[in-house]
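>
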Amino acid sequence: MMVGNLFRICRSLLLVGICCFFFHLEGRSQPVDILESLSGKAQESYPAQLDSTLHYATLALAWVTEHQIHTPKEEYLNDLLGLTHRRLGNAGLAERYFIQAISLSETRGNKQQLANSYNRIGLLYRGIGRIEEAMDAYHKSIALNKAINNTRNEAKSWLNLGNAYRAIGNNDSALYSYENSIQLRSKTGDVKFLSSALLNMGHWLREQREFDQALSYYKQYKDINTVVRDTVALALVHSNIGGVYSNQARFDSALVHYFKSIELIKSADKNNPRRNALNFVGIGIIYEAQGYPTKAITYYNQSLAIYKAFNDPEKTSIVYQNMGKVYGDMGQLDSSLVYYQRALAEAEHVGNLKREAELMKELGMLYNKKGNYEKAIEILQATISVNESLGTPLELGRTNYSLGVSFFRIKKYQQAINYLKQSIQLANKTQDLEWEEKGNRLLALSYEQLENYEYAFHHQQIYDALKDSIMSQNRMRTIEELITKYETEKIEANNELLVAQQGENEALIQQRNAENRALLFGLIALTVSILSFITWVVYSNRKKNIIAVQKESLFQNKIDALLNQQQIESVSAVLEGQEKERKRLAAELHDRLGSILSLVKLYFSSMDEDIKQKQPDLYVSFTEGNQFLDDAFKEVRALIKEMKEGTSSGAGLKNDLELLLAKITKLGIEIKSRIELDKKLDTLVELNVFRVIQEALSNSLKYSKAERIELNISDHDQLSMTIRDNGIGFDPIELALTQTKNTQYGVENMEQRVKLMGGDFVLHTEKNAGVSIQVQIPLVKNDEVWGITKLN
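For the sequence shown, position 140 (counting from the first letter as 1) is numbered 251 according to our numbering, and the numbering increases by one without interruption.
Here it is, written out as structure tokens:
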């Protein structure tokens, strides 16, 4: 009580002292005059000297209260204090003063001040994540400004409303708001005023991934502020241009603009650390993408310190999420988990359910990686409820897939199937091919574990088709990106050429450099495009051939459980058709080419004596030509015989394997081999066995880091082979669930080839325990050639 009285006495004495000072200085004695002087000093000091603004504005308000002065200055001073506290990061105090300004303006009918205060409290709410309240305030400000015909302030409120809509992902409303702002600002004729609308339109286009259009708006903004020499504005636009270049993976250019922005902020009169926080996040993202996680974390921490100081939970949540991703990529799952949890806690303060759902899904996937499947299931099921309330089918489908993974890991395959089916249905609805592919792959594995091979085969076929489709799309997207990059480079080269024409000698040099660079890049882009297209065509044809062969005898030992009798007859018909086609071609060669060669041989023989007697100088050449004809005739006969019998010499497999092992030995790998092949094998058997061994050895070289590889193969009672290495091995289930590993496809191909020949394929491996592959293929003798049992 005594402290309160003492404070009031001190305040009164201070006010009296200030009043006496102004009376003495200006010779005036009216309270209104003193109020004018105090409020004027508060206004002059904002925003360069925020402490002085607080001091004078607080004194002025106290003077109003002390003397019970009824003046519009009262709501203005409350509004000014709200602005000042917002800049200082005191959100609670800022809100209190803004609400007081709004209440006074409504009571006194001060529409202009009321519109201003609504706009400013909207900025406050937007900054602390209270988006719905911010949008409500902006709408009120727009209506008031329209009523009093204040075009300039109405345009500002439309712009701020567009930013709020963009924050919650309502892109249509954001675009509508931005267009209104630009239209109103164009009417004012103030180019500087127009530039901020251009900037925000650039932001919106960037979020829509319309990067070239976004750069166009950013450059218009930059040109305007270069003319007026606004250092803060230039710092802002350099930061945003850096962000676009980062989105386009043009990291060197992006870093140049980010560091330029930092430099401009340091040189500006109005230093705003929050601008640098954006730059630090952008630089961290680039270093993360380039594989420098330690540097990325350093810059993320710098931005985090700034956002915490300004009490910005939305931005803090984003930085925590980025740090969680970096630690996850580094394999430090515990640290990653901590940062994702912090990100979620900050997002809950903001009340952005969409971000909460995204972070919950990431946490669930992280718990899956850690092996805590029960916790993952708990979080992911809660995430599904949030996504259902938000009506986001894309994220809902991906969350269902993650739940399917969790149940698969704990061997609850039926529950996994239920979630995976929902995931595939939603992925199909949203055209999310990548997750539809993943869902079908895991669904096939789940049905296989339940020994439902018919459904497993069905979903495996869908998975194969989607995998080829996605690969084709990626190839074409790469080609399109190269062409776009070439066109962009060409346009930039032409722009450089136009600038260079201002000088004679300098113009000639720049023109040649620009043309050479554009031509060189064009040639490179064209070459890469052609190679990519050729690679895609070769790969597609190869995959089609492999799939065609696999379908002839897929899962030989389980075919009765997988296919009905009609499918079996269809496969048999294909094999029979191939045999007939080979014999038909042999007959065609014999009847057509063989007959023609025979006639040519007779014709040459009839000319033998004439040439020998009449043109002896040509006889040697004639004899050589005749010999070539004999050789060709023999080759054709041998080819016809081979096509009819469908066999090779039998020595090819052993020779090919020895050549292959010799090449591997030259790489410094120790090879131990035992090759005992005595039988005359069918060509199909030799080819497929060689491909299996080749694939196994290739995987050992590329992935296992093995120092020693062992190969044993024999054809005594049956064709048996063992391939093992002493490498790092792998987790087979983890490999099956990881869609981006090329080794997975290799294992599938080897197994399918062995199944095609009616054999057994067994792969045994563990992490850090090497890989061992055992193959057994039964052989049957047919006309002195050993082959495989055909389908009946």
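Beta carbons are placed, not taken as given, at the ideal position from N, Cα and C, and that holds for glycine.
Nothing here was measured: the structure is a model prediction, and the numbers come from that model.
Report the three-state DSSP secondary structure of L477 (helix, strand or coil).
In this structure, L477 counts as helix in the three-state DSSP scheme.
> State whether the segment 768 to 781 contacts the segment 876 to 896, with contact taken as three or more CB pairs (one from each stretch) at a distance under 8 Å.
No, because fewer than three Cβ pairs between the segment 768 to 781 and the segment 876 to 896 fall closer than 8 Å, the two stretches do not touch.
> Just to confirm, are E469 and P424 a CB contact at a threshold of 8 Å?
No; because the gap between Cβ atoms is not below 8 Å, this pair is not in contact.
> Taking just the CA atoms, how far does G354 sit from T405?
So the alpha carbons of these two residues sit roughly 20 Å apart.
> Report the three-state DSSP secondary structure of H569 (helix, strand or coil).
DSSP places H569 in helix when its eight states are reduced to three.
> State the Cα-Cα distance for the pair Y530 and D575, rounded to the nearest angstrom.
Cα-Cα distance, rounded: 21 Å.
> Exposed or buried, T337, counting other C-beta atoms within 10 Å across all chains shown (16 or more means buried)?
So T337 counts as exposed.
> Which complete alpha helix (DSSP H) runs does the segment 328 to 416 hold, if anything under 4 residues is left out?
Correct list: 342 to 358, 362 to 378, 384 to 400.
> Compute the beta-carbon to beta-carbon distance between I820 and I782, rounded to the nearest angstrom, for a pair I have assumed lies under 8 Å.
At roughly 6 Å, the Cβ-Cβ gap stays under 8 Å, so I820 and I782 are in contact.
> For the structure I just gave you, are there three or more beta carbon pairs, one from the segment 264 to 275 and one from the segment 211 to 231, closer than 8 Å?
With the cut-off at 8 Å, the segment 264 to 275 and the segment 211 to 231 touch.
> Quick check: N422 and G200, are their CB atoms within less than 8 Å of each other?
Yes, they are a contact pair.
> For F421, does the three-state DSSP call read helix, strand or coil?
Residue state, collapsed to three classes: coil.
> Mapping the DSSP letters down to three states, classify L874 as helix, strand or coil.
It is a strand residue.
> Going straight from the alpha carbon of N62 to that of K371, what length do you get?
Residue 62 is absent from the structure shown; the chain starts at 112 and stops at 903.
> In whole angstroms, what separates the C-alpha of P384 from that of E318?
When rounded, the distance between both Cα atoms is 24 Å.
> Put G898 into one of helix, strand or coil per three-state DSSP.
Strand.
> List the whole-angstrom C-beta distance separating A527 from G515, where the pair is believed to meet the contact cut-off of C-beta under 8 Å.
5 Å between Cβ atoms; contact.
> Measure the C-alpha to C-alpha separation of E321 and V339 and round it to an integer number of angstroms.
Using only the alpha carbons, I get a separation of about 28 Å.
> If you drop the 5 nearest sequence neighbours on each side, which residues of the same chain put their C-beta closer than 6 Å to that of K426?
Closer than 6 Å at Cβ, skipping near neighbours: Y418.
> I'd like to know if the segment 791 to 798 and the segment 832 to 844 are in contact, where contact means that at least 3 CB-CB pairs between them fall below 8 Å.
Taking 8 Å as the limit for Cβ pairs, the verdict is that the segment 832 to 844 does not touch the segment 791 to 798.
> Is it buried or exposed, T218, if we count other Cβ atoms within 10 angstroms and call 16 or more buried?
Classification of T218: exposed, given that the 10 Å Cβ count is below 16.
> Just reading off the alpha helix (DSSP H) that T510 is part of, what are its end residues?
It spans 504 to 520 - the alpha helix (DSSP H) in which T510 sits, taken as one unbroken run.
> So, Q401 versus F362, is the Cβ gap smaller than 8 Å?
Yes.
> Note the first and the last residue of the continuous beta strand (DSSP E) segment covering K892.
Taken as a continuous stretch (DSSP letters only), the beta strand (DSSP E) holding K892 covers 891 to 893.
> In the DSSP assignment, find the unbroken alpha helix (DSSP H) run with S447 in it and report its ends.
Note, S447: alpha helix (DSSP H), 444 to 461.
> Taking three-plus beta-carbon pairs below 8 Å as touching, is the segment 235 to 250 in contact with the segment 464 to 482?
The answer is no - the segment 464 to 482 does not touch the segment 235 to 250, with fewer than three Cβ pairs under 8 Å.
> Where does R241 sit, in a helix, a strand or coil, going by DSSP?
Of the three classes helix, strand and coil, the one that applies to R241 here is coil, per DSSP.
> Buried or exposed for T299, please, with buried defined as at least 16 other CB atoms from any protein chain shown within 10 angstroms of its CB.
When all chains shown are included, T299 counts as exposed.
> According to the Cβ coordinates, are A567 and G550 closer than 8 Å?
No, these two residues do not count as a Cβ contact at 8 Å.
> Please report the straight-line C-alpha distance between V731 and M718, rounded to a whole angstrom.
For V731 and M718, the distance between alpha carbons rounds to 13 Å.
> What separation, rounded to the nearest whole angstrom, lies between the Cα atoms of K540 and V367?
If I take the Cα positions, the gap works out to 42 Å.
> Buried or exposed, going by whether 16 or more other CB atoms sit within 10 Å of the CB of A420?
A420 comes out exposed.
> What residue range is occupied by the uninterrupted alpha helix (DSSP H) comprising E177?
First-last of the alpha helix (DSSP H) with E177: 161 to 178.
> Cα separation between R453 and F391?
The straight-line gap from Cα to Cα measures roughly 19 Å.
> Rounded to whole angstroms, how far is the Cβ of G462 from the Cβ of Y451, which I believe are closer than 8 Å?
Actually they are not in contact, since the Cβ atoms of G462 and Y451 sit about 19 Å apart, beyond 8 Å.
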